[in-house]
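Trainee:
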Amino acid sequence: MNEIEEQAVIRKYLLGYSDADIAESIEQRLVGNSEYLQEFLIVTDELIEDYLDGSLSEPDVTRFETHFLTTPHRHRRLEMAKALSERAMSDVNSDTKTTDHNKNVARITPLPLPTHRRQYWQLAAAVTVVVFAGLIASTILRNRSPAGELQAELGRLNGPGSEGPAGPLVQLTIAPTTVRGLGEDRRVVVEPDTQTVVVRLVLADKMYDSYQAALQTVEGNELGKTPPLKPISGDEGRFIEVRLPAKRLESQNYQIKLSGLTAPNTYEDVRVYPFQIIKR
Amino acid sequence: MNKRDVSPEDFQQLLNWLGPDPQQAGEKYEAIRRGLTTLFDNWHCAEPDLLADETINRVIIKVRNISANYSGDPANYFYGTAKNVRHEHFRRPRPEPLVRNIKMTATQDVDEKERLHACLDKCLDSLAAVDKELILEYYRGERKVKIESRRQLGERVGISSNALRVRVYRLRDTLEKCISNCLDASGRGNKLAKTALYTGGSH
Chain P
1 MNEIEEQAVI RKYLLGYSDA DIAESIEQRL VGNSEYLQEF LIVTDELIED
51 YLDGSLSEPD VTRFETHFLT TPHRHRRLEM AKALSERAMS DVNSDTKTTD
101 HNKNVARITP LPLPTHRRQY WQLAAAVTVV VFAGLIASTI LRNRSPAGEL
151 QAELGRLNGP GSEGPAGPLV QLTIAPTTVR GLGEDRRVVV EPDTQTVVVR
201 LVLADKMYDS YQAALQTVEG NELGKTPPLK PISGDEGRFI EVRLPAKRLE
251 SQNYQIKLSG LTAPNTYEDV RVYPFQIIKR
Chain V
1001 MNKRDVSPED FQQLLNWLGP DPQQAGEKYE AIRRGLTTLF DNWHCAEPDL
1051 LADETINRVI IKVRNISANY SGDPANYFYG TAKNVRHEHF RRPRPEPLVR
1101 NIKMTATQDV DEKERLHACL DKCLDSLAAV DKELILEYYR GERKVKIESR
1151 RQLGERVGIS SNALRVRVYR LRDTLEKCIS NCLDASGRGN KLAKTALYTG
1201 GSH
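So the protein lines, in turn, are chains P and V. Just so you know, our numbering puts 17 at position 17 of the first sequence, and the rest follows in order with no gaps. Position in the second sequence (from 1) plus 1000 gives the number in our numbering.
1) Can you give the Cα-Cα distance for P/T178 and P/R271, rounded to whole angstroms?
2) Any idea which residues DSSP pairs P/S233 with across the strands?
3) Could you say if the segment 29-45 of chain P and the segment 1034-1042 of chain V meet the contact criterion of at least three C-beta pairs nearer than 8 Å?
4) According to DSSP, is P/R200 part of a helix, a strand, or is it coil?
5) Go through its chain and collect everything with a Cβ distance to P/G224's Cβ below 6 Å, but skip five positions before and after it.
6) Smallest Cα separation from V/A1129: which of V/L1171, V/I1060, V/G1158 and V/A1025?
7) Out of V/Y1169, V/L1153 and V/V1063, which has the shortest C-alpha to C-alpha gap to V/L1018?
8) Taking the alpha carbon of P/P192 as the point to measure from, which residue in P/P176, P/K257 and P/P168 has its own alpha carbon closest?
9) Can P/V199 and P/I174 be called in contact, C-beta distance under 8 Å?
10) Between V/H1087 and chain P, is the shortest Cβ-Cβ distance under 8 Å, so that the two count as touching?
11) What are the residues of the segment 1161-1188 of chain V that lie near chain P, defined by any Cβ-Cβ distance shorter than 8 Å?
12) Tell me the DSSP secondary structure of P/G224 in three-state form.
13) At the level of alpha carbons, what is the spacing between V/G1080 and V/K1122?
14) Check whether the segment 1136-1155 of chain V touches the segment 1163-1170 of chain V, counting contact only when three or more Cβ pairs, one atom from each stretch, lie closer than 8 Å.
15) At 8 Å on the CB atoms, spell out the chain V contacts of P/F40, in chain order.
16) Beta strand (DSSP E) containing P/K367: first to last residue?
17) Using the Cβ count rule (16 or more neighbours within 10 Å means buried), how would you classify P/G260?
18) Could you tell me if P/S85 is buried or exposed, where buried requires 16 or more neighbouring beta carbons within 10 angstroms of its beta carbon?
19) For P/T71, count neighbouring Cβ atoms within 10 angstroms of its own Cβ and tell me buried if that reaches 16, exposed if not.
20) Which term fits V/P1020, buried or exposed, when burial requires 16 or more other beta carbons within 10 angstroms of its beta carbon?
21) Report yes if the CB atom of V/F1078 is closer than 8 Å to the CB atom of V/V1059, and no otherwise.
22) So for V/R1100, helix, strand or coil by DSSP?
23) In chain P, which residues lie less than 7 Å from V/G1035 when you measure between Cβ atoms?
24) Can you tell me whether P/V188 is helix, strand or coil according to DSSP?
25) Per DSSP, P/K257 is paired with what?
26) Mapping DSSP to helix, strand and coil, what is P/V31?
27) Using a Cβ cut-off of 8 Å, pull out every chain P residue sitting near V/I1032, in sequence order please.
28) What residues from chain V crowd round P/D53, counting only those whose CB sits closer than 9 Å?
29) Tell me the residue span of the alpha helix (DSSP H) that contains V/V1168.
30) Closest Cβ-Cβ distance between P/L56 and chain V: below 8 Å?
31) Could you check the C-alpha separation between P/Y13 and P/D45 for me, to the nearest Å?
32) Is there a Cβ from chain V that is less than 8 Å from the Cβ of P/A88?
33) Which chain P residues sit within Cβ distance under 7 Å of V/Y1139?
34) Give the straight-line distance between the Cα atoms of V/L1050 and P/L244, rounded to the nearest whole angstrom.
35) Using the beta-carbon of each residue, which ones in chain P are nearer than 7 Å to V/A1212?
36) Give the range of the alpha helix (DSSP H) segment to which V/L1014 is assigned.
Dropping the structure here:
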């Protein structure tokens, strides 16, 4: 077995793909064979680096997170690797706040809102607060549960006439790939000051005049729905833009189920777009 | 049996079993301990160091009786003992996690992140200048250009790509130990210890 094959065997073991005999053989060599142990630890570091770079396949990412990343020690190694990588990149581009060399982060484009738009929104929000204070208060009371608050914010952020979110936001574009694991990056890193996560769902197949997006857990449990959304044309083709309130999201996997309007108040399922939120 | 029960004589007996040359026996002991720690980590045990020590202590108890007639690599005996320790570890009741998502909380904490970066900077500065530049250069660049840039880095340093991997690994190892000590000193060690307790290791 050459070096490359040996490294592949270790990777499979680390991700939990190895059968019992191979696992036993690896484990036996780890104890007492210092050269093999060193190679094993190097491959472990490289696996962590590939995860941070976003170069693992989708199934391997899942394995990494569910099988490999299971101990505090490994969490610490991941954090250290990430810090080292960020430190190395900060020497190259000290103006870049985020690690834009990192594929997992590279697709997420911070969108600074134009100043005049932000001022307009702040003014509009102030007027709204004054005029509809009673209405808002009653809405808040009705929607005091986390699910109710999420639903209310989805309505506010995506409703007709919405000027868009204020404050820092991140954007994730999800293409309508039908095969999983094609290198599609569906993760979005949410920094503590991020207020809105903008998810662009690129459309394919049949087009509808209006859509509705339902935010769900990966098990399909619905967390909230947007008001009707119109498709937008952009460089990526036609897409639906869904704005999510960052503070209502947790570090976990979600999916957005998109439905198309076929008749008044009648929607049919179009596609499910999975993605992952990573909160810092 | 705990660590206090192991006398210097017992430990010396273990080293004698591992090899006639004291230095080589010491190195073998270190390799075995590190291998055991890695093993328990692979087995999803939350406290791999403690279990590695427990394994070693059990072997020390037996070594007086087995060393004379044992044939083969002593490391195999450690491995067999480690499997028993793992088996018992997972049969042992563990405290119910008080905060199930504490590990996420720990990694999300901005202060923790800042502390980690401060320790990293401190530890990078403790390396020789050439080593610091080497490791930063190694991790620099986009994924797609890393392979080529690392090959060029190896050429500049005058070593093969594989030798570069090993050299960077050793630097990283040094850095990680330094950072762990730094974080522990600044209070993070306690938080991670809590994480270990709460997550309890998974099967």
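Where a beta carbon is used, it is the ideal one built from N, C-alpha and C, also for glycine. Fair warning: this is a prediction, and the values are worked out from it, not measured in the lab.
Mentor: Let's see:
1) For P/T178, the predicted model reports a pLDDT of 48, less than 50, meaning its position is unreliable; a value from the coordinates is still stated below. Approximately 10 Å between the Cα atoms of the pair.
2) DSSP lists P/R238 as partners of P/S233.
3) Counting Cβ pairs under 8 Å, three or more are found: they touch.
4) DSSP places P/R200 in strand when its eight states are reduced to three.
5) Correct list, in chain order: L150, Q151, L154 and L215.
6) Minimum Cα distance to V/A1129 is reached at V/L1171.
7) The residue with the shortest Cα to Cα distance from V/L1018 is V/V1063.
8) The shortest Cα separation from P/P192 among P/P176, P/K257 and P/P168 belongs to P/P168.
9) The Cβ atoms of P/V199 and P/I174 sit closer than 8 Å to each other.
10) Chain P, which has no Cβ nearer than 8 Å to the Cβ of V/H1087, makes this no.
11) Only N1162, R1165, V1166, Y1169, R1172, D1173, L1175, E1176, I1179 and S1180 from the segment 1161-1188 of chain V bring a Cβ to less than 8 Å from some Cβ of chain P.
12) Taken through DSSP and simplified to helix, strand or coil, P/G224 comes out as strand.
13) Going by the C-alpha atoms only, they are around 41 Å apart.
14) Proximity of the segment 1136-1155 of chain V to the segment 1163-1170 of chain V meets the contact definition, three or more beta-carbon pairs being nearer than 8 Å.
15) Chain order gives the chain V residues near P/F40 as T1038, where near means a beta carbon separation below 8 Å.
16) Because residue 367 of chain P is not part of the residues shown, which for chain P are 1 to 280, the question remains open.
17) P/G260 is buried by the Cβ-count criterion.
18) P/S85 is buried by the Cβ-count criterion.
19) With 16 or more other Cβ atoms within 10 Å, it is buried.
20) By the 16-neighbour rule on beta-carbons within 10 angstroms, V/P1020 is exposed.
21) Cβ atoms of V/F1078 and V/V1059: closer than 8 Å.
22) Any reading at V/R1100 must be qualified, since the residue scores a pLDDT of 38, below 50, and its modelled position is unreliable; the value itself is stated next. Coil at V/R1100, not helix or strand.
23) Those are L30, V31, G32 and L37, listed as they occur along chain P.
24) P/V188 falls in the strand class under three-state DSSP.
25) P/K257 pairs with P/A214 and P/V272.
26) Coil.
27) For the C-beta of V/I1032, the chain P residues within less than 8 Å are, from N- to C-terminus, V31 and G32.
28) Those within 9 Å of P/D53 in chain V are E1142, R1143 and K1146.
29) Per DSSP, V/V1168 belongs to the alpha helix (DSSP H) from S1161 to A1185.
30) By this cut-off, P/L56 is not an interface position.
31) Their backbone Cα atoms lie some 14 Å apart in a straight line.
32) Yes, P/A88 counts as interfacial toward chain V.
33) Simply L84, S85 and A88.
34) Distance from the CA of V/L1050 to the CA of P/L244, rounded to the nearest whole angstrom, comes to 44 Å.
35) Residue numbering for chain V in the displayed model covers 1001 to 1203; residue 1212 of chain V lies beyond these limits and cannot be assessed.
36) First-last of the alpha helix (DSSP H) with V/L1014: P1008 to L1018.
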